[in-house]
Amino acid sequence: MSNSEMEPKQKAALDEFINDLDILNALADKHRQQIIILLGARLKQGMTVGDLTAQLDISQPAVSHHLKILRGVHIVDSLKNGLENNYFLTLDDTLERLERIVKLIRESNA
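Start counting at 1 in the sequence shown, then tack on 1, and there's your number in this note's numbering.
Shown next as structure tokens:
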């Protein structure tokens with residue numbers, strides 16, 4: 002099916018997917034998924050890169066790289082704590098964007 006054959010609601014859902022590819026790509030990696038789950042378990046205190054590295058089977062530079070990607074799409078943010086940063090989940094905007102995709106898909110099938 003080409004875009005020209007799609008109904009307006011289907012086109013809107015596809016456009017939303019395209020607009021949110023950055024989030025979807027960030028969520029596609031298993032290490033980033035693990036980071037999200039670990040941070041979700043420590044919502045109030047957050048975790049440092051060292052904390053995350055100790056829990057994951059990847060190097061500290063790799064953890065930092067994944068955190069940079071997650072920060073770039075506003076899934077994670079950090080607060081300076083002395084010499085270290087504590088990382089926290091900031092999912093509100095991300096969840097709203099994903100909920101819009103789901104809503105448009107449902108509407109396109111109604």
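Using N, Cα and C, we set each Cβ at its ideal position, and we do this for glycine too.
Host beta strand (DSSP E) of L92 (start-end): For this step, residue 92 is matched to residue 91 along the sequence shown. First-last for L92: undefined, no H or E at that position.
Contact set for Q35: own chain, Cβ-Cβ below 7 Å, skip 5 residues either direction: For this step, residue 35 is matched to residue 34 along the sequence shown. L57, listed in sequence order.
Length at least 3, wholly inside the stretch 14-46: the beta strand (DSSP E) runs in chain order: none
Sub-8 Å separation of G51 and N87 beta-carbons: Position 50 of the sequence shown, counted from the start, is the residue given in the question as residue 51. Position 86 of the sequence shown, counted from the start, is the residue given in the question as residue 87. Going by C-beta atoms, G51 is not nearer than 8 Å to N87.
Assigned exposure category for I24 - 16 Cβ within 10 Å defines buried: Numbered from its first residue, the sequence shown carries residue 24 at position 23. Result: buried.
Endpoints, beta strand (DSSP E) assigned at L80: What you label residue 80 is simply residue 79 of the sequence shown in a count that begins at 1. Taken as a continuous stretch (DSSP letters only), the beta strand (DSSP E) holding L80 covers 77-82.
Reduced DSSP category for E85 - H, G, I as helix; E, B as strand; rest coil: Residue 85 sits at position 84 when you count from the first residue of the sequence shown. It is a strand residue.
Outcome for L71 when other beta-carbon atoms lying within 10 angstroms are tallied against a minimum of 16: Taking the sequence shown and counting its residues from 1, the one referred to as residue 71 is at position 70. Around the beta carbon of L71, a 10 Å sphere encloses 16 or more other beta carbons of the protein chains shown; the residue is thus reported as buried.
R33 burial status per 10 Å Cβ neighbour count (16 or more: buried): Taking the first residue of the sequence shown as 1, we reach residue 33 at position 32. By the neighbour-count rule (16 or more Cβ atoms within 10 Å), R33 is buried.
Proximity below 8 Å, CB of E17 to CB of R107: Counting from one through the sequence shown, the residue named residue 17 turns up at place 16. Counting from one through the sequence shown, the residue named residue 107 turns up at place 106. Not a contact, by the Cβ cut-off of 8 Å.
A55 classed as buried or exposed, judged by whether at least 16 other C-beta atoms fall within 10 angstroms: The residue given as residue 55 occupies position 54 in the sequence shown. A55 is exposed by the Cβ-count criterion.
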